[in-house]
Amino acid sequence: MNSHNPFQFPQNPRRPAPTLENRRPPMREPMRVLTSQSLFVGEHEIGIEHHGALYRLKITRQGKLILNK
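Structure, rendered in structure tokens:
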């Protein structure tokens, strides 16, 4: 049988309200954005070398992108 009363234990102190500085997400560099048109330039498949491996980025008939190793 549990004989302790949970109301006898001290409560956790409340956290202070977050300040405006604490609520802001950290500043990050803007992401570099390239259009698929600028990458493919009339092609439907390009090669990307990454850490010595060759990856193939393809545009499907439905206009989606697929990356294969």
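All residue numbers for the sequence shown refer to full-length UniProt numbering, where the first residue is 1 and numbers rise by one. Note that beta-carbon positions come from the ideal geometry of N, C-alpha and C, so glycine has one too. Predicted model, so just to flag it, every value in this text is computed and none were measured.
- prompt: Which same chain residues, not among the five before or five after residue 41, have their C-beta less than 7 Å away from its C-beta?
  reply: Indexing the sequence shown from 1 puts residue 41 at position 41. So no residue of the chain qualifies.
C-alpha distance - residue 68 paired with residue 52, whole-angstrom precision: Start at 1 with the first residue of the sequence shown, and residue 68 comes out as number 68. Start at 1 with the first residue of the sequence shown, and residue 52 comes out as number 52. Near 15 Å, if we compare the C-alpha coordinates of residue 52 and residue 68.
query: Taking the alpha helix (DSSP H) that residue 67 falls in, what are its first and last residues?
result: The sequence position of residue 67 within the sequence shown is 67, counting from 1. Unbroken run through residue 67 is the beta strand (DSSP E), 65-68; no alpha helix (DSSP H).
- prompt: By Cβ distance, which residues of its chain are closer than 6 Å to residue 54, with the 5 residues on each side in sequence left out?
  reply: In the sequence shown, residue 54 corresponds to position 54, counting from 1. Result list for residue 54: 47, in chain order.
field: DSSP beta-bridge partners of residue 56
entry: The count along the sequence shown starts at 1 and reaches residue 56 at position 56. Answer is 47 and 68, bridged to residue 56.
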